[in-house]
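Visitor: Before I ask anything, let me first share the structure, which is written out below as structure tokens.
So this is what it looks like as structure tokens:
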């Protein structure tokens, strides 16, 4: 009797593991067009954020920083307008980080050098990168 019970429990546990594995495999990638577009938009935001973060402080001009900053803000607008399901906390984190980058950039004095601008922007850019990565993970973007 114990042997029969042990076999039944083992079989049930194996079935649950297989079922759970199958469900997680299906959840591994976005399944609708809106989510795919959001994932693409987040990837673009992350890439443009990386371009801004990796500008060389010794040689970056204010125009290069402005152009890269504008690309990040444009990407954020695209993300914000997405119709895909988006965890509210993740969306707020990306929104707050993008707004922090904008606020820091907008508060730079007119005579700020490229190096000074990048130094001031770096903490906000890092937060934006983390927020986007978290959102991509939550959406199971590829």
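Numbering (my numbering), first residue to last: 3 to 144. A virtual CB, placed ideally from N, CA and C, is assigned to each residue, including glycine.
1. Would the beta-carbon of residue 78 fall within 8 Å of that of residue 102?
2. With H, G and I counted as helix, E and B as strand and the rest as coil, what does DSSP make of residue 124?
3. What does a CB cutoff of less than 8 Å around residue 43 pick up in its chain, not counting 5 residues either side in sequence?
4. Can you give the Cα-Cα distance for residue 116 and residue 87, rounded to whole angstroms?
5. Flag this pair as yes or no: are the beta carbons of residue 36 and residue 54 separated by less than 8 Å?
6. Counting only runs of 4+ residues fully inside the segment 53-109, write out the alpha helix (DSSP H) ranges in chain order.
Guide: Once the coordinates are examined:
1. As a position in the chain shown, residue 78 is number 76, starting the count at 1. As a position in the chain shown, residue 102 is number 100, starting the count at 1. Taking 8 Å as the Cβ cut-off, residue 78 and residue 102 do not qualify as a contacting pair.
2. Indexing the chain shown from 1 puts residue 124 at position 122. Residue 124: helix per DSSP, three-state reduction.
3. Position 41 of the chain shown, counted from the first residue, corresponds to residue 43. The residues are 77, 80, 81 and 84.
4. Here residue 116 is taken as the residue at index 114 of the chain shown, counted from 1. Here residue 87 is taken as the residue at index 85 of the chain shown, counted from 1. For residue 116 and residue 87, the distance between alpha carbons rounds to 38 Å.
5. As a first step, residue 36 is located in the chain shown; it is residue number 34 there, counting from the start. As a first step, residue 54 is located in the chain shown; it is residue number 52 there, counting from the start. No, Cβ-Cβ distance for residue 36 and residue 54 is not below 8 Å.
6. 64-82 and 90-108
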